[in-house]
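Using this note's numbering, the final residue of the sequence shown is 272, and nothing's skipped along the way.
Where a beta carbon is used, it is the ideal one built from N, C-alpha and C, also for glycine.
Here's the structure, in C-alpha cells; my notes come after.
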Amino acid sequence: MVLLWGWMAMMAAGGTWWVRRDVTAYARFEALSGTIERQHFYSRWLVESFAVLVGASVVSLWLVDALSPFSAFPQAFAPANHVLQSRGHPSGDHWVPMAAGLSAGIAVSIAIQWRRLKTALSPRPGPDAALIPRNRREAVLALLLSLNAGFSEELFFRLALPLLLFHLTGSLATSLVVSMLCFGLAHAHYGWKGVLATMAAGALLTFYYLHHGSLLRVMIAHAVIDVLAFFIRPAIADWIIARKPPRWAFLAA
Numbered sequence: 020m021v022l023l024w025g026w027m028a029m030m031a032a033g034g035t036w037w038v039r040r041d042v043t044a045y046a047r048f049e050a051l052s053g054t055i056e057r058q059h060f061y062s063r064w065l066v067e068s069f070a071v072l073v074g075a076s077v078v079s080l081w082l083v084d085a086l087s088p089f090s091a092f093p094q095a096f097a098p099a100n101h102v103l104q105s106r107g108h109p110s111g112d113h114w115v116p117m118a119a120g121l122s123a124g125i126a127v128s129i130a131i132q133w134r135r136l137k138t139a140l141s142p143r144p145g146p147d148a149a150l151i152p153r154n155r156r157e158a159v160l161a162l163l164l165s166l167n168a169g170f171s172e173e174l175f176f177r178l179a180l181p182l183l184l185f186h187l188t189g190s191l192a193t194s195l196v197v198s199m200l201c202f203g204l205a206h207a208h209y210g211w212k213g214v215l216a217t218m219a220a221g222a223l224l225t226f227y228y229l230h231h232g233s234l235l236r237v238m239i240a241h242a243v244i245d246v247l248a249f250f251i252r253p254a255i256a257d258w259i260i261a262r263k264p265p266r267w268a269f270l271a272a
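Put into C-alpha cells, the structure is as follows:
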C-alpha cells in the first residue's frame with residue numbers, strides 16, 4: 020500500500036508540473052504562424068503524451084495486478100456495470116420505429132433551425148481552434164494526435180487511474196469522480212471553459228465504458244470525437260458555409 024501511495028504522489032506531482040508546462044506551451048503554440056514550428060509542437064505533444072500516459076498506465080496497472088486491459092472487464096468496475104446493464108435495453112421490435120421517429124425529428128429540426136445551424140457551424144475562435152490543421156502535413160500529425168488521445172488518454176483516465184484510486188480508497192464512486200476531474204484538469208490549456216467541457220465529455224466516456232465494458236469501444240469513441248472537432252466540423256464550416264475546400268486540403272507549403 021505504501022508503494023501505491025508513493026506512486027500516486029509521484030504522479031500527482033509530475034502531473035501538476037506537466038499541466039502547468041502544457042498551459043505555457045499551448046499559449047506559445049497559439050501565437051505561431053509558421054507551419055514548421057506548429058508541426059514541431061504537434062510532434063512533441065504526440066511523443067510526450069504517448070510516453071507519459073502509456074508509461075504511467077503500465078506502471079499503475081502493474082501495481083494493481085491488471086496488466087491485461089483488453090482481456091477482461093475489471094472486477095472493481097463490475098458493480099457499476101451491473102447497475103447500468105440492469106436497466107435493460109429496448110427490444111428489437113422497437114428499434115425501427117424509434118430510429119424512424121428520431122430521424123424524422125432531426126430532419127424537421129434541421130429544416131426549421133437551418134440559419135441557427137449555419138451560425139453554429141461557422142468558424143468561431145474556441146479553446147481548441149489553434150489545433151485545427153492548416154495544411155496536409157499538419158493534418159497528418161493532428162490525426163495521429165487524435166488517435167493517440169483516444170488510446171493513451173482512455174487507457175490512463177478510464178482504466179489505470181480509476182483502478183489505482185480504487186485500490187487506495189476502496190470507493191468506486193470516488194475513484195471515477197477523481198479520474199474525471201483529473202481528465203478535465205489535464206486539458207487546462209483550453210481555459211476553465213475547456214476544462215468543464217472536457218470533464219463533461221469524460222463523464223460521458225466513463226458512462227459509455229462502464230455500460231458496455233469495452234475499453235476498445237471507448238478509445239474509438241474518443242478518437243472519433245477528436246476527429247469530428249479537428250476535421251469534420253472545420254471541413255463543414257469551410258466547405259458549406261464559406262464555399263471553399265477545407266483549410267487542410269492544400270499541400271503543405
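Integer-rounded CB distance, given that residue j should sit under 8 angstroms from residue i
i    : j    : result
L184 : S198 : 7 angstroms
L277 : E172 : Residue 277 is absent from the model: the chain starts at 20 and stops at 272.
A2   : Y61  : Outside the shown range of the chain, which is 20 to 272, sits residue 2, and nothing can be said about it.
V214 : L224 : No, V214 and L224 are not in contact; Cβ-Cβ is about 15 angstroms, not under 8 angstroms.
L174 : S87  : Between S87 and L174 the Cβ distance is about 12 angstroms, and since that is not below 8 angstroms, they are no contact.
A99  : L229 : 4 angstroms
S165 : F48  : Their Cβ separation, rounded to whole angstroms, is 16 angstroms, which puts S165 and F48 out of contact at 8 angstroms.
A216 : G169 : The Cβ separation is near 17 angstroms, so there is no contact.
R57  : L51  : 5 angstroms
L191 : A95  : 6 angstroms
L195 : M218 : That pair is no contact at about 12 angstroms.
T54  : R153 : 6 angstroms
S68  : N167 : 6 angstroms
P146 : G210 : 5 angstroms
H208 : D41  : 5 angstroms
Three-state secondary structure (DSSP) of residue i
i    : result
F208 : Note that residue 208 corresponds to His in the displayed sequence, not to Phe. Correct three-state label for H208: helix.
M20  : coil
N154 : coil
G33  : helix
F176 : helix
G53  : coil
S194 : helix
F92  : coil
S76  : helix
L86  : coil
P253 : helix
G169 : helix
G213 : helix
P278 : Only positions 20 to 272 of the chain appear in the structure, and residue 278 is not among them; the question remains open.
G189 : coil
G232 : coil
D112 : Below a pLDDT of 50, predicted positions are generally treated as unreliable, and D112, at 48, falls in that range; the measurement from the model is reported next regardless. Helix, per DSSP.
L140 : Because the pLDDT of L140 is 49, which lies under 50, any placement of that residue in the model is unreliable, and the question is left without a value.
S105 : coil
M117 : Unreliable positioning characterises M117 in this predicted model, as indicated by a pLDDT of 48, which lies under 50. A coordinate reading is not provided.
CB contact check: residue i to chain B, cutoff 8 angstroms
i    : result
V102 : Included in the structure is just one protein chain, with no chain B present.
Three or more C-beta pairs below 8 angstroms linking the stretch 79–99 and the stretch 172–184 | yes
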